[in-house]
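Just so you know, my numbering puts 522 at position 213 of the sequence shown, and the rest follows in order with no gaps. For reference, the structure is listed below as structure tokens.
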Amino acid sequence: MKEIILIKCGEIALKGLNRSGFEDRLVKNCKRRLETLGEFKCWKAQSTIYIEPQSEDIDLDEAVARLQKVFGIVALTRACVAEKNWEDIAAKAPAYLADTLPYLKTFKVEAKRSDKSFPMKSPEISREMGAVLLSRFHHLKVDVNHPDIVVMVEIREKYAYIHGVQLPGAGGMPVGTSGRALLLISGGIDSPVAGYMMAKRGVDICALHFQSPPYTGERAWLKVQTLTEKLTEYCGVIDLFSAGFTEIQEEIKNKCPEELFTVIMRRFMMRVALRLAEKEDCGAIITGESLAQVASQTMPAIACTDAVSTIPVFRPLIGMDKQEIVEIAEKIGTFETSILPYEDCCTVFTPRHPRTRPTLEMIEEAEKALDIEALVDRCEINHKRFRLYPAK
Ligand code: ATP
Ligand code: MG
């Protein structure tokens, strides 16, 4: 039986005049996500996106699983395609729903007829379909208020569609509709979650990781690559950059008070990130900071970090507890990788007694011992591109 996938767009329906642009982006993102699965035809009509596989052997379960991670979709449904005559519709519907209806108790039929030349009107289609299903599945009852399933029959231009169960989508806005931002990604639990959350708001993510060889090893870098790859399922293509941070960290350690190390280091991360953000056309920087989680994430410390940034710094986790962050990390599949025990550049030099209430004057005074511009100039950045579902 021929099947297609129908997608219900979420918040983008609210965007008035921009709506078409948002929908086009969503269609494009869906296409990209399915690219490696086979050929699909994708089009939109009346705030629904239609995804039609172009060959019989395409794995639709996998297609649905991938689409459930595409932001901008509130719900999706598989539907069976029938010829536009009642005999075919009445024959296909019970057969198509035979996997579902035996496990449900109540149903309701809704019909939508955009082709007005179809001889039956919507109420009649609903009534007749109800009768067909009741005669085939004797345990079923009609419940118009709280049915276990709404069986939808749609009469469209070329075909009729019979919908199955509606599945939840990832919500949010289509990636790419809110601009581009640079995620500072460590190997930890928080920053991948921060990237996921901003992608959910439609932000196209690129990422920067600071490495400090020989203090941090190849495995820490591989871990960040794995995390980035996992994020592509939600974020789409991610350009991952790595920056050599050893010289900067050693300079801070040798020339600045130990208790200020972390805040000064974060300010350098910002400076390097800003340069890259400009090159990559990013309108903001994203971090995984959460208020009071560690010494560098107090309000005064964050103020000192923000003082060097000329673009907004987004911290989507700022008001979240660790447990809430962990739950999202588990849901998006990054948690297990994040807890692998490799050194991060931040842990290597962590001071014993970091200052939790630094002032900007204090920090700027300490930084006078450093040649800031030269250090940032010498910080070398490398690039790697991560695509969705690379060929296995
Ligand atoms: P995470 O779990 O994301 O590592 P964290 O709780 O360990 O966060 P910190 O180590 O203080 O917190 O880092 C705070 C934020 O700074 C991180 O969420 C991340 O955005 C950024 N960051 C930390 N280390 C790095 C790094 N090596 N490369 C890039 N960004 C980093
Ligand atoms: Mg960390």
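Glycine included, every Cβ here is placed at the ideal spot set by N, Cα and C.
query	result
Cβ-based neighbour list, Asp366, same chain, cut-off 8 Å, excluding 5 preceding and 5 following	Gly347
6 Å CB neighbourhood of Phe427 in its chain, flanking five on each side removed	Ile464
Opposing strand residues paired with Thr386 [DSSP bridges]	Leu315 and Gln475
Supposed close pair Glu361, Phe349 - CB separation, criterion 8 Å	6 Å
Candidates Tyr412, Arg334, Cys339 and Leu413: closest to Val379 by CA position	Cys339
Rounded straight-line distance, which links the Cα of His447 to that of Leu385	28 Å
Three-state secondary structure (DSSP) of Glu365	coil
Limits of the alpha helix (DSSP H) - the one that Arg489 falls within	Element bounds for Arg489: not the alpha helix (DSSP H) but the beta strand (DSSP E), Arg489 to Leu493.
Cβ-heavy atom distance, Ile641 to the ligand ATP, below 7 Å	no
Nearest-angstrom beta carbon gap, Ile358 and Leu335 [assumed within contact, 8 Å]	7 Å
Cβ-heavy atom distance, Met671 to the ligand ATP, below 7 Å	no
C-beta contact flag for Lys430 and Arg422 at 8 Å	yes
Closer than 7 Å: Gly526 CB and nearest the ligand ATP heavy atom	no
Candidates Gln377, Thr659 and Pro625: closest to Ser605 by CA position	Thr659
Nearest to Ile611 (by Cα), restricted to the options Met579, Leu585, Asp513 and Asp368	Met579
Chain D contact for Ile557 (CB, 8 Å cutoff)	Considering every chain present, this structure includes no chain D. It has just one protein chain.
Inter-residue Cα distance where the pair is Leu476 and Gly319	13 Å
Cβ contact (3+ pairs, closer than 8 Å) linking the region 565-584 and the region 671-682	yes
Near the ligand ATP: Met507 beta-carbon under 7 Å from a heavy atom	no
At least 3 beta-carbon pairs within less than 8 Å: the region 588-599 vs the region 486-493	yes
DSSP-derived helix/strand/coil call for Asp630	coil
Thr646 to Pro411 span [Cα, whole Å]	40 Å
Whole-angstrom distance between Val635 and Ala391, CA atom to CA atom	45 Å
Separation of Ala420 from Ile620, as counted between CA atoms	50 Å
Helix, strand or coil at Ser435 according to DSSP, with G and I counted as helix	helix
Per-residue DSSP class, three states only, for Ser551	strand
Contact set for Lys450: own chain, Cβ-Cβ below 7 Å, skip 5 residues either direction	Lys414 and Thr415
Collapsed DSSP secondary structure at Phe658 in the structure displayed	coil
Proximity below 8 Å, CB of Pro625 to CB of Met507	yes
Cβ neighbour criterion (16 or more within 10 Å) applied to Ala529	buried
CA-to-CA distance, Arg576 to Asp615, given in whole angstroms	8 Å
Outcome for Asp499 when other beta-carbon atoms lying within 10 angstroms are tallied against a minimum of 16	buried
Sub-8 Å separation of Gly497 and Asp653 beta-carbons	yes
The ligand ATP heavy atom lying under 7 Å from the CB of Ile498	yes
Given 8 Å, three or more beta-carbon pairs between the region 681-688 and the region 530-550	no
Gly597 CB to nearest heavy atom of the ligand ADP below 7 Å	This structure lacks the ligand ADP; the ligands present are the ligand ATP and the ligand MG.
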